[in-house]
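Each protein sequence line maps, in turn, to chains X and P. Using our numbering, count along the first sequence one by one with no gaps and you end on 380. Using our numbering, count along the second sequence one by one with no gaps and you end on 1380. From the three backbone atoms N, C-alpha and C, an ideal C-beta is built for every residue, glycine too. Just so we're clear, the structure is a prediction, and the values are computed from it rather than from any experiment.
There are 2 protein chains.
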Amino acid sequence: MPSVCWLVPRVTQVMIAKLFYFLLISAVALPTKAEEGCHQLRSTAPFKIALFADLHFGEDAWTHWGPLQDVKSIKVMSSVLDDETPDFVIYLGDVITANNIAIKNASLYWDQAVSPTRARGIPWASVFGNHDDAAFVWPIEWFSSPGIPEIRCRVANSSCSGEEECHFEGTQRLELMKNEIERNTLSYSRYGPKELWPSISNYVLQLLSSDNPKSPVALLYFLDSGGGSYPEIISSAQAEWFRQKALEINPDSRVPEIIFWHIPSRAYKKAAPWFGIHKPCMGSINKERVATQEAEMGIMKLLVERPSAKAIFVGHNHGLDWCCPYEKLWLCFARHTGYGGYGNWDRGARIVEITEQPFSVKSWIRMEDGSVHSEVVLSP
Amino acid sequence: MPSVCWLVPRVTQVMIAKLFYFLLISAVALPTKAEEGCHQLRSTAPFKIALFADLHFGEDAWTHWGPLQDVKSIKVMSSVLDDETPDFVIYLGDVITANNIAIKNASLYWDQAVSPTRARGIPWASVFGNHDDAAFVWPIEWFSSPGIPEIRCRVANSSCSGEEECHFEGTQRLELMKNEIERNTLSYSRYGPKELWPSISNYVLQLLSSDNPKSPVALLYFLDSGGGSYPEIISSAQAEWFRQKALEINPDSRVPEIIFWHIPSRAYKKAAPWFGIHKPCMGSINKERVATQEAEMGIMKLLVERPSAKAIFVGHNHGLDWCCPYEKLWLCFARHTGYGGYGNWDRGARIVEITEQPFSVKSWIRMEDGSVHSEVVLSP
């Protein structure tokens, strides 16, 4: 059945009942990782994506509290994955809290965060948040009495403890992504074009239908909104990359485009509901001010001008989970999925469901306790 | 003549006319660097130290402006060294602006900063400032059009340019100090006790008289006041180290102690003159508010209680150059020496002169243009 599907990852062998498939369009690949990949999806159902936002694995890694939150976050993801059985998962940034991780390779925590998805054979993609790539931040309390606690820096089979074996310099975006990609055949993440570095997670995935493999159902764009080791920004260069890529693969704006990044652009502030959440906005919590990127450098202008751009999904604000219209777009927050990070609002995950004929995007929020709310149709 | 002087550095061969000498009391040494060192000083004159504060080498390293400032800073140091011919130099932190340096080894710039002193065969010691050990800070402008400039990352004989060969992770305190010590026989800097890490530049030098080598003239304490990769702080552990060290080598507070670190402690705020500078304070500029450490964790309490502690010298505030009494101590600012760093006040260096019999500490400021001002006696 899958005719255009070359370089089929191993996982496709266990997913043969599916009829859609993914085709990776654009990425800078490692020599060890093919540039193209494809993935078959379920036949009858629409294509369902679960967004896991702000997991913050590794937060307060040296305390009892921290590792306990990570266990709870795994429970949230497991519950959502079992309730929704999505076709795909998107890790929407702040997968880890790197500034609390004093080991050389923060990928240890990243790997824990993707484990519930991997264990179920579900493919995924990820974008970076501001907490993923940051230097270790020394707590000032450690410099007063009783001093620096003994940090356990055990990694895999090599045991180490104490300061000498620990590492306080952080793990860079490129290394985190390298580790994700090389260790996981299910990962659809990419490094992005080198000319956009230090911004890394910039790539696009093409969703194809097996009924008509030459006619894409949608384009899923992933952009790195910065933060941590460099400013919280989507750069002019990224906007230009998007412009050229869109011109190349979707010149007539015929294929719908859905966009994912971590930190809200400034437009989110304009679209935000004032008190509570009223139609046409849809959501359940509106508990804080939108924390936006540091500047707007062109990406929003391009997106609002493209009729094919349907919706943007971001994380970052744990106390916001609304979708609001903005120009011809929808601007959506995900839902805080992790027990790491600030805020005690109940945990959950935003689900995005794409239907092919006629094309539609529907979204709702699935909570840890199994309940569902805030369903909204994001396309005509 | 130098009877207690073991492990005489090579430099002593060219300084045989001197009668005082230094003996390093306390340091954690590398295997390649002896723990003890000694240094002979001039016979007739008192012991004269030049403080070079806030040089900020490597600032705006990718522009034309930046490297030009470094050339000017070398001229300031050269002028002061030739006018004063000091016996010793203290680099009082912010030797480099690490957050502007995109090469793997920021020691390249550190080395430029110590070169005028080394070229004259003058020994020196250094303490860290908040700008010496920091990650590269990406300017937000680089993410707008026209993008990231081509950075020249040429190091020594290996030529490299462009992003791939550059390095944006910073050079840690330990590596900077390792490079200073291993490359320079004239350096009296030390790593400090390992239990104080990440705080590095914590050590004490003993100034001995050749007339009576068993009776030290003064103890010079160096403390790392943090900043950059960890909080701006002198920790409880550092205070405890000072307490124990002082008890060990100066139990009866008989030997005068002079202290050097980079960021003013909170006591400086209490001692600061209000408008202008009036007696008993002495200085020439009082142009900004004291920018203090983030907290006070015990060092000041120990110092004000010791009759032997005579004065503290700091840098950090480029617009302050006063000395003011505080309890039984003197709190002094150095003078902004470098053309790097904020502020356009004329450049200069504070000179500290120690006389043995009777013991006295005198200080003044020598300007780049050769003028001298703000002379003050810091001991009875």
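So, is the C-beta of F88(X) closer than 8 angstroms to a C-beta in chain P?
Translated into the one-based positions of the first sequence, residue 88(X) becomes position 88. Taking 8 angstroms as the CB threshold, F88(X) stays off the interface with chain P.
At the level of alpha carbons, what is the spacing between L329(X) and K301(X)?
Taking the first residue of the first sequence as position 1, residue 329(X) is located at position 329. Taking the first residue of the first sequence as position 1, residue 301(X) is located at position 301. Cα to Cα, L329(X) sits roughly 11 angstroms from K301(X).
Cα-Cα separation between I1258(P) and N1212(P), rounded to whole angstroms
The residue labelled residue 1258(P) in the question sits at position 258 within the second sequence. The residue labelled residue 1212(P) in the question sits at position 212 within the second sequence. When only Cα atoms are considered, I1258(P) and N1212(P) end up about 20 angstroms apart.
Taking three-plus beta-carbon pairs below 8 angstroms as touching, is the segment 1047 to 1064 of chain P in contact with the segment 1315 to 1328 of chain P?
Remark: three or more beta-carbon pairs, one from each stretch, lie closer than 8 angstroms, so the segment 1047 to 1064 of chain P and the segment 1315 to 1328 of chain P are flagged as touching.
Look at D1133(P) and G1340(P) and say whether their C-beta atoms are less than 8 angstroms apart.
As a working note, residue 1133(P) is residue 133 in the second sequence. As a working note, residue 1340(P) is residue 340 in the second sequence. Going by C-beta atoms, D1133(P) is not nearer than 8 angstroms to G1340(P).
Residues of the segment 136 to 147 of chain X with a CB closer than 7 angstroms to any CB of chain P: list them in chain order, please.
Taking a C-beta cut-off of 7 angstroms against chain P, the contacting residues of the segment 136 to 147 of chain X are W138, I140, F143, S144, S145, G147, listed in chain order.
Going by beta-carbon coordinates alone, are A125(X) and N100(X) separated by less than 8 angstroms?
On the first sequence, position 125 is the one that residue 125(X) refers to. On the first sequence, position 100 is the one that residue 100(X) refers to. No.
Take A295(X) and list the residues in its own chain whose beta-carbon comes closer than 7 angstroms to its own, dropping the five residues that flank it on each side.
Counted from its first residue, the first sequence places residue 295(X) at position 295. Here the set comprises I233.
How far does the beta strand (DSSP E) with L1320(P) in it extend, from its first residue to its last?
Here residue 1320(P) refers to the residue found at position 320 of the second sequence. In the DSSP assignment, L1320(P) falls outside any beta strand (DSSP E), carrying neither H nor E.
Going along the chain, which residues of its own chain have a beta-carbon closer than 7 angstroms to the beta-carbon of A239(X), five neighbours each way excluded?
By one-based count along the first sequence, residue 239(X) stands at place 239. Once the five neighbours on either side are set aside, the close Cβ partners of A239(X) are M297, G298, I299, L302.
With L1176(P) as the anchor, note down where its alpha helix (DSSP H) starts and where it stops.
On the second sequence, residue 1176(P) is found 176 positions in, with the first residue counted as 1. From DSSP, the alpha helix (DSSP H) with L1176(P) extends over 1173 to 1183.
How far does the alpha helix (DSSP H) with C297(X) in it extend, from its first residue to its last?
In the first sequence, residue 297(X) corresponds to position 297, counting from 1. It is worth fixing the name first, because residue 297(X) is Met in this sequence and not Cys. No alpha helix (DSSP H) contains M297(X), which DSSP labels as neither H nor E.
Near P325(X), which residues of its chain fall below 8 angstroms by C-beta distance, leaving aside the five closest residues on each side in sequence?
The count along the first sequence starts at 1 and reaches residue 325(X) at position 325. Once the five neighbours on either side are set aside, the close Cβ partners of P325(X) are A271, P280, C281, L331.
Compare the C-beta of F168(X) against all C-beta atoms of chain P and say whether one is closer than 8 angstroms.
One-based indexing of the first sequence puts residue 168(X) at position 168. Chain P contact via Cβ: present.
Report the residues of the segment 97 to 108 of chain X with a CB closer than 7 angstroms to any CB of chain P, ordered along the chain.
Taking 7 angstroms as the Cβ-Cβ cut-off against chain P, none of the residues of the segment 97 to 108 of chain X qualify.
How do the segment 334 to 350 of chain X and the segment 237 to 251 of chain X stand: do at least 3 beta-carbon pairs fall below 8 angstroms, yes or no?
Not touching, per the Cβ criterion.
Closer than 8 angstroms to chain P by CB, S265(X):
As a first step, residue 265(X) is located in the first sequence; it is residue number 265 there, counting from the start. So, not an interface residue.
Provide the residue(s) that pair with F1052(P) in DSSP beta bridges, ordered along the chain.
Within the second sequence, the letter at position 52 stands for residue 1052(P). BP columns for F1052(P) point to Y1091(P).
First through last residue of the beta strand (DSSP E) which encompasses V255(X):
Locating residue 255(X) in the first sequence gives position 255, counting from the first residue. Element bounds for V255(X): n/a, residue is neither H nor E.
Identify whether S371(X) lies in helix, strand or coil by the three-state DSSP scheme.
Here residue 371(X) is taken as the residue at index 371 of the first sequence, counted from 1. Three-state result, S371(X): coil.
Along the chain, where does the alpha helix (DSSP H) containing W1242(P) start, and where does it finish?
In the second sequence, the residue the question calls residue 1242(P) occupies position 242. Residue 1242(P) is actually Phe in this sequence, not Trp. F1242(P): member of the alpha helix (DSSP H) spanning 1236 to 1249, first to last residue.
Run down chain X in chain order and give the residues with a C-beta less than 7 angstroms from the C-beta of E1294(P).
Residue 1294(P) sits at position 294 when you count from the first residue of the second sequence. Result: I140.
Residue range of the beta strand (DSSP E) that G1338(P) falls in?
Taking the first residue of the second sequence as position 1, residue 1338(P) is located at position 338. G1338(P) -> no beta strand (DSSP E), and no H or E assigned at all.
Please list, in chain order, the chain B residues whose beta carbon lies closer than 9 angstroms to that of S1229(P).
Among the protein chains of the structure shown, namely X and P, there is no chain B.
Distance cutoff 8 angstroms, beta carbons only. Does A1237(P) sit that close to anything in chain X?
Sequence index remark: in the second sequence, residue 1237(P) carries index 237 (1-based). Taking Cβ atoms only, chain X reaches closer than 8 angstroms to A1237(P), which makes this a yes.
Take C166(X) as the anchor and find which of E195(X), R173(X), I148(X) has the nearest alpha-carbon.
Counted from its first residue, the first sequence places residue 166(X) at position 166. Selected option, being the one with the closest Cα: I148(X).
Who does I351(X) pair with in a DSSP beta bridge?
Position 351 of the first sequence holds residue 351(X). The partner list for I351(X) (beta bridge, DSSP) reads A50(X), W364(X).
Members of the segment 187 to 208 of chain X near chain P, C-beta cut-off 9 angstroms
Legend: CB atoms of the segment 187 to 208 of chain X lying less than 9 angstroms from CB atoms of chain P belong to residues K194, E195, W197, P198, S199.
Whole angstroms are fine: how far does the CA of T97(X) sit from the CA of Y91(X)?
Locating residue 91(X) in the first sequence gives position 91, counting from the first residue. Locating residue 97(X) in the first sequence gives position 97, counting from the first residue. Straight-line measurement puts the Cα of T97(X) at about 14 angstroms from the Cα of Y91(X).
Ends of the beta strand (DSSP E) at S126(X)?
Your numbering for residue 126(X) matches position 126 in the first sequence. Boundaries of the beta strand (DSSP E) around S126(X): 124 to 127.
Terminal residues of the beta strand (DSSP E) in which K1287(P) lies
To locate residue 1287(P), count along the second sequence from 1; it is residue 287. In this chain, K1287(P) is not harboured by any beta strand (DSSP E), its DSSP state being neither H nor E.
Counting only C-beta atoms, is I277(X) closer than 8 angstroms to chain P at any point?
Your numbering for residue 277(X) matches position 277 in the first sequence. The beta-carbon of I277(X) is placed no less than 8 angstroms from the nearest beta-carbon of chain P.
Counting C-beta neighbours from all protein chains within 10 Å, is the total for W1364(P) 16 or more, i.e. buried, or is it exposed?
Position 364 of the second sequence, counting from 1, holds the residue named residue 1364(P). Answer is buried; the Cβ neighbour count reaches 16.
Verify the CB distance criterion: does I233(X) have a CB-CB separation below 8 angstroms to chain P?
Here residue 233(X) refers to the residue found at position 233 when the first sequence is read from its first residue. By this cut-off, I233(X) is an interface position.
Do L1196(P) and W1241(P) count as a contact pair if the criterion is CB distance below 8 angstroms?
Numbered from 1 along the second sequence, position 241 holds the residue referred to as residue 1241(P). Numbered from 1 along the second sequence, position 196 holds the residue referred to as residue 1196(P). The answer is yes: Cβ separation under 8 angstroms.
Note down the Cα distance separating P1067(P) from A1119(P), rounded to an integer number of angstroms.
On the second sequence, position 67 is the one that residue 1067(P) refers to. On the second sequence, position 119 is the one that residue 1119(P) refers to. If you draw a straight line from the Cα of P1067(P) to the Cα of A1119(P), it is about 20 angstroms long.
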